[in-house]
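Undergrad:
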Amino acid sequence: MTDLVLFLLTTAIIIVLALLVGAGAAKLARLDGATYPAALKHAAAAFAAVLTIASTVTAALSSLRS
Numbered sequence: 688m689t690d691l692v693l694f695l696l697t698t699a700i701i702i703v704l705a706l707l708v709g710a711g712a713a714k715l716a717r718l719d720g721a722t723y724p725a726a727l728k729h730a731a732a733a734f735a736a737v738l739t740i741a742s743t744v745t746a747a748l749s750s751l752r753s
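Here it is in C-alpha cells:
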C-alpha cells in the first residue's frame, strides 16, 4: 500500500511540476512577443522535456536499485 501511495504522489508532483514549467514557458514566450500558437508550442516542448527528464532519471535510478 505504501509503495502505491508513494508512486501516485510522485507521479502527481512530476505532472504538476511539468505543467508549471509549461505555463512558465508559455508566459515567457508571450512576454517575448510570440503569438498564442507559438507560445503553446513552447509550452508543449517544455512540458515534454520535463516528462522526458523525469522518465530518464527514473530509468537510471531503477537500474541502480536492481
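Residue numbers (the numbering used here): 688 to 753.
The beta carbon of each residue, even a glycine, is placed where N, CA and C say it ideally should be.
Is Thr689 helix, strand or coil when you go by DSSP?
TA: Helix at Thr689.
Undergrad: Using CA atoms only, rank isn't needed, just tell me which of Thr689, Phe694 and Leu715 is closest to Thr745.
TA: For the residues Thr689, Phe694 and Leu715, the minimum Cα distance to Thr745 belongs to Phe694.
Undergrad: Specify the secondary structure class of Ser742 as computed by DSSP and reduced to three states.
TA: Of the three classes helix, strand and coil, the one that applies to Ser742 here is helix, per DSSP.
Undergrad: Thinking C-beta only, is Ala721 closer than 8 Å to His729?
TA: It is a contact, given that the beta carbons lie within the stated cut-off.
Undergrad: State yes or no: is the C-beta of Ala712 within less than 8 Å of the C-beta of Ala741?
TA: Contact flag unset, no.
Undergrad: What runs of the alpha helix (DSSP H), each 4 residues or longer, lie entirely inside the segment 698-729?
TA: Taking only runs of at least 4 residues, no alpha helix (DSSP H) segment lies wholly in the segment 698-729.
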